[in-house]
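**Q** First, the structure itself, so that you have it in front of you.
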Amino acid sequence: MAATGVLPFIRGIDFSHYDFSSDSFPNAVEQMSGLRWMKLCRTNLDRVPNELSQLKNLEHLQMNRNNLTSLHGELSDLPCLRSVIARHNQ
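Here the UniProt record's numbering is used: the first residue of the sequence shown is 1, the next is one more, and so on.
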C-alpha cells in the first residue's frame with residue numbers, strides 16, 4: 001500500500017478475505033487517521049494487529065472468522081471505539 005496524501009481522508013476499509021497469515025499487516029494503515037470503520041473478516045489473523053492502536057477515530061471494527069484467541073492491548077487505546085464484532089474465532 002503506497003503512502004499518499006489521501007490516506008488520512010479514508011473513512012472505511014474492508015480487508016475481508018485477504019489472507020494475512022503469510023503477509024504482514026500493512027503499515028500504511030497507521031496513516032489512515034480518519035478511519036471510522038474497518039472489516040477484517042476471514043483474514044486468518046491470529047492477533048490484533050499493532051497498527052490498529054494508531055487509529056484513534058476508529059468506531060466500528062469487525063474481525064469475524066479469524067484465529068483470534070483474545071482481544072486486548074491495541075483495542076484499549078482506541079477512545080472512539082463503539083463496537084467490536086469478533087464472532088467465530090478461537
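Don't be surprised by glycine CBs; every beta carbon is placed ideally from N, CA and C.
(1) Sort Val-6, Phe-9, Leu-7 and Phe-15 by Cα distance to Gln-62 and report the nearest one.
(2) Would you give the residue range spanned by the beta strand (DSSP E) that Gln-90 belongs to?
(3) Sort out for me which residues DSSP pairs Met-38 with in a bridge.
(4) If you reduce the DSSP assignment to three classes, tell me which class Val-84 lands in.
(5) Between the alpha carbons of Pro-26 and Asp-46, how many angstroms are there, rounded?
(6) Classify Ser-76 as helix, strand or coil using the three-state DSSP reduction.
(7) Which of the three DSSP states, helix, strand or coil, is assigned to Ser-24?
**A** Here's the rundown:
(1) Within the sequence shown, residue 62 is the residue found at index 62, counting from 1. A check of alpha carbon separations from Gln-62 across Val-6, Phe-9, Leu-7 and Phe-15 identifies Phe-15 as the nearest.
(2) Locating residue 90 in the sequence shown gives position 90, where the first residue counts as 1. Per DSSP, Gln-90 is not a residue of any beta strand (DSSP E), being assigned neither H nor E.
(3) Indexing the sequence shown from 1 puts residue 38 at position 38. For Met-38, which the question treats as bridged, DSSP gives the partners Ile-13 and Leu-61.
(4) Taking the sequence shown and counting its residues from 1, one reaches residue 84 at position 84. In this structure, DSSP gives Val-84 an extended state, which the three-state scheme calls strand.
(5) Indexing the sequence shown from 1 puts residue 26 at position 26. Indexing the sequence shown from 1 puts residue 46 at position 46. So the alpha carbons of these two residues sit roughly 15 Å apart.
(6) Here residue 76 corresponds to residue number 76 of the sequence shown, with the count starting at 1. Helix, per DSSP.
(7) As a working note, residue 24 is residue 24 in the sequence shown. Residue state, collapsed to three classes: coil.
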